[in-house]
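Visitor: In the working numbering, the protein residues as written are 58 to 301. Below you will find the structure I want to go over with you.
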Ligand code: NAD
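And the structure:
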């Protein structure tokens, strides 16, 4: 495989693992991050040392204009984007009755609107070229709902609907859009869980452990490439069999 992969939230966790995996499969990598410059520099260095053409930019995915500009710069510097992965996401957990307005807004803005901003920006050039694969990051929380995560669950359910609707809009132009819906994955996002929360979560996972970012990256790479050529609008749950 070769081409250019653009990844939001690439500096850490699942986005980072996807960047390294897609790079290993021959893609040039353009990734964005929100604030952790050090982590972004580290990944950019790692990719450059592997001989991978790389662009790293600080872009807030909630800013549609900034996302469009990043996509344009990526195509100018690296070439046509063939794969896009919308991995940027945040949590601000609270029961809905206690949730601050800004926590609802920040999570839905970042996760749902941010994903839509990325999809819109990359779908345009992909449709023109009649080729491309877009992978969004949903969550099992968006499939089943999870108490204490109404903002996150709603944003992740919205991502599934967005993925399916866009898949139907652009399929005839040769562009595929699929989602991965991870369960509990070992990243900074889940490092905030207390021991009690982890123990409780493990009770619901038949495989008896959290997944790794690399395991999610495997699914992302599958959806990016030709082995999934007849898949679009799908939601691939990678969750160790979790039952919420
Ligand atoms: P993480 O916290 O390790 O990384 C999130 C990344 O998103 C970071 O690079 C951060 O800079 C970026 N980001 C956040 N807000 C942004 C913004 N406004 N603009 C640009 N970038 C922004 O998280 P992760 O665990 O790697 O999660 C990646 C994706 O997978 C998220 O969408 C998350 O919801 C989803 N997911 C994670 C898990 C899990 O258990 N870790 C489970 C299901 C779904």
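Don't be surprised by glycine CBs; every beta carbon is placed ideally from N, CA and C.
Between the Cα of residue 102 and the Cα atoms of 296, 86, 59, 146, which residue gives the shortest distance?
Guide: Here residue 102 corresponds to residue number 45 of the chain shown, with the count starting at 1. Looking at the Cα atoms, 86 is the closest of the given residues.
Visitor: On the premise that residue 280 lies in contact with residue 227, defined as a C-beta separation below 8 Å, what is that separation, rounded to the nearest angstrom?
Guide: On the chain shown, residue 227 is found 170 positions in, with the first residue counted as 1. On the chain shown, residue 280 is found 223 positions in, with the first residue counted as 1. With a Cβ gap of about 15 Å, residue 227 and residue 280 do not count as contacting.
Visitor: Can you list, in chain order, the residues of its chain with a C-beta nearer than 6 Å to that of residue 153? Leave out the 5 residues immediately preceding and following it.
Guide: The residue labelled residue 153 in the question sits at position 96 within the chain shown. Result list for residue 153: 207, in chain order.
Visitor: Quick one: does residue 156 have its CB under 8 Å from some CB of chain B?
Guide: Any reference to chain B falls outside this structure, which holds one protein chain only.
Visitor: Between residue 169 and residue 198, which are expected to be in contact by the criterion C-beta below 8 Å, what is the C-beta distance as a whole number of angstroms?
Guide: Counted from its first residue, the chain shown places residue 169 at position 112. Counted from its first residue, the chain shown places residue 198 at position 141. Incorrect: roughly 13 Å between the Cβ atoms, too far for contact.
Visitor: On the three-pair Cβ rule with 8 Å, is the region 267 to 284 touching the region 63 to 71?
Guide: As far as the Cβ criterion goes, the region 267 to 284 touches the region 63 to 71, which means the pair count is three or higher.
Visitor: DSSP state of residue 237, grouped into three classes?
Guide: Start at 1 with the first residue of the chain shown, and residue 237 comes out as number 180. In the structure shown, residue 237 sits in a strand (DSSP, three-state: E or B).
Visitor: Go to residue 218, then tell me how far its alpha helix (DSSP H) extends in each direction, as first and last residue.
Guide: Taking the chain shown and counting its residues from 1, the one referred to as residue 218 is at position 161. Element bounds for residue 218: 207 to 227.
Visitor: Just to check my reading of the structure: residue 100 and residue 88 have Cβ atoms closer than 8 Å, yes? What is that Cβ distance to the nearest angstrom?
Guide: The sequence position of residue 100 within the chain shown is 43, counting from 1. The sequence position of residue 88 within the chain shown is 31, counting from 1. 7 Å between Cβ atoms; contact.
Visitor: With DSSP as the reference, label residue 230 as helix, strand or coil.
Guide: The residue labelled residue 230 in the question sits at position 173 within the chain shown. Helix, per DSSP.
Visitor: If I follow the unbroken alpha helix (DSSP H) through residue 175, where does it start and stop?
Guide: If you number the chain shown from 1, residue 175 lands on position 118. Per DSSP, residue 175 belongs to the alpha helix (DSSP H) from 171 to 186.
Visitor: Can you give me the C-alpha to C-alpha distance between residue 150 and residue 166, rounded to a whole angstrom?
Guide: Translated into the one-based positions of the chain shown, residue 150 becomes position 93. Translated into the one-based positions of the chain shown, residue 166 becomes position 109. Distance between the alpha carbons of residue 150 and residue 166: 15 Å.
Visitor: CB-CB under 8 Å to residue 219, same chain, minus the five flanking residues each way: which ones, in chain order?
Guide: As a working note, residue 219 is residue 162 in the chain shown. Hits under 8 Å: 169, 172, 173, 176, 193.
Visitor: Please state whether DSSP places residue 90 in a helix, a strand or coil.
Guide: Along the chain shown, read from residue 1 onward, the residue named residue 90 stands at position 33. Strand.
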